[in-house]
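Presented below is the structure to which this report refers.
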Amino acid sequence: MKPTKELAEMYEVPVFQDFAEFLRSSLAQRTDGVIISSTHTTHCSLGLQAAEAKLHIFMEKPMTTSSIEARKLLCAAKDLKSLGKVFMVNHSANFTNQALRAREILRAGKIGEVEHVTCHMIREREFFEDLQNQLWVCSSEGSAAGNGFAWGQSCHTLAWVYFVTGLIPQSVFCKMVYSKKTGADIFTSAIIECTNGATITCQGLAGLPGGNSVGSASATGKLIENKIFGSKGCLLYSGDDADPGSGQLEVCSDGFHEVMPGFYFENTTKEGFGPESLRCFGDAYVSLQVVLTIEAMYESAKSGSVQKIRE
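Under UniProt numbering, think of the first position of the sequence shown as 1, with each following residue one higher.
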């Protein structure tokens, strides 16, 4: 991380006091699109400004931390689409070959109707107990109902599940354990009921020792497990996202068995043209389902009761 002045010199680009100043500049007239990777709770304001300027938008996950703001952004995304513009949220795991194949297999009915999903992500505890890491652990920031593992990491897992299965959440019951140092949620356990009667159990677990090793010399990254059970069979996809050889996509059902080697999930590679999501682009509907679910998770954890998804 470098100060703004040093970054500007490194990339040989101008500096603006805020996004509105950029949009008023002559440079904005020559700009095709923007990447919004600021604090979670600023995404809506910046996204709506970019949409009004009719720019392509690539937004970091989560789309926002409020169901009201998420619906505003979805409306903006639809307006942009009608103009031939793209609004994309960076759920990079959704655009790997394994995710696309998993979605294709489920749409073909190979495991029947989806009845239950289990998913979890495990990463290091240290990240959520660093008091200087305010953007990820501050629990009272802006419109966010809370902050920690759910907004920061469970959004990856839930986006993958909703993208692959097409399930739509209806209600949530959630319990959370919070860091005594920062107040961030470090362990989350949610049961999600979907509109078709299927259930999802989603866990976020900041339980690994040490620092995050994805992209580093260490051999252990985030540990991820996704299992989808249908009326005719199941789909399994689990592994270590720092080690592509740690897992595979496997589908088992009566008369059908397929294995696709390799485990690819969150792409943090700095080289090349960016993650698969940036190269593919997609729509914002899955991102809305993620925001609605995680907002309900925080509210359920605070109330101790089942929280219905907001209409």
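Built from N, CA and C at the ideal position, the CB exists for glycine as well.
Taking a cut-off of 8 Å for Cβ pairs, the region 289 to 304 and the region 187 to 200 touch, as three or more such pairs fall below it. Residue pairing by DSSP puts V259 in a beta bridge opposite E250. The C-beta separation of A284 from M176 comes to about 26 Å, leaving the pair out of contact by the 8 Å criterion.
Put simply, of T4, A145, Y162, L46 the residue whose alpha carbon is nearest the alpha carbon of G183 is A145. A distance below 7 Å between beta-carbons, with the five flanking residues on each side excluded, links E115 to the following residues of its chain, in chain order: A198, F229, G230, S231.
Sixteen is the threshold: when 16 or more other Cβ atoms of the shown chains lie within 10 Å of the Cβ of F95, as they do, the residue is buried. Scanning the region 167 to 234 for uninterrupted beta strand (DSSP E) segments of 3 residues or longer gives 169 to 178, 185 to 194, 199 to 208, 223 to 230, listed from N- to C-terminal end. The bridge partners DSSP lists for T118 are T201, K227.
Within the model, the alpha-carbon separation for A206 versus E250 is close to 27 Å. For S37, DSSP records no beta bridge to any residue. Beta-carbon to beta-carbon, Q307 and V172 are separated by about 5 Å, close enough to satisfy the 8 Å threshold. Assignment of alpha helix (DSSP H) within the region 43 to 89, counting only whole runs of 4 or more residues, yields 43 to 52, 67 to 82 in chain order.
The residues V259, M260, P261, G262, F263, in chain order, have a CB closer than 7 Å to that of Q248 in the same chain once the five nearest residues on each side in sequence are set aside. In the structure shown, Y237 falls within a strand segment according to DSSP collapsed to helix, strand and coil. Boundaries for W151: no alpha helix (DSSP H) harbours it, and the DSSP string shows neither H nor E there. Restricting attention to M121, L208, G304, the CA atom closest to the CA of S238 is found in M121. Within the DSSP secondary-structure output, D32 pairs in no beta bridge. Taking a contact to require three or more Cβ pairs closer than 8 Å, the region 31 to 40 and the region 58 to 72 qualify as touching.
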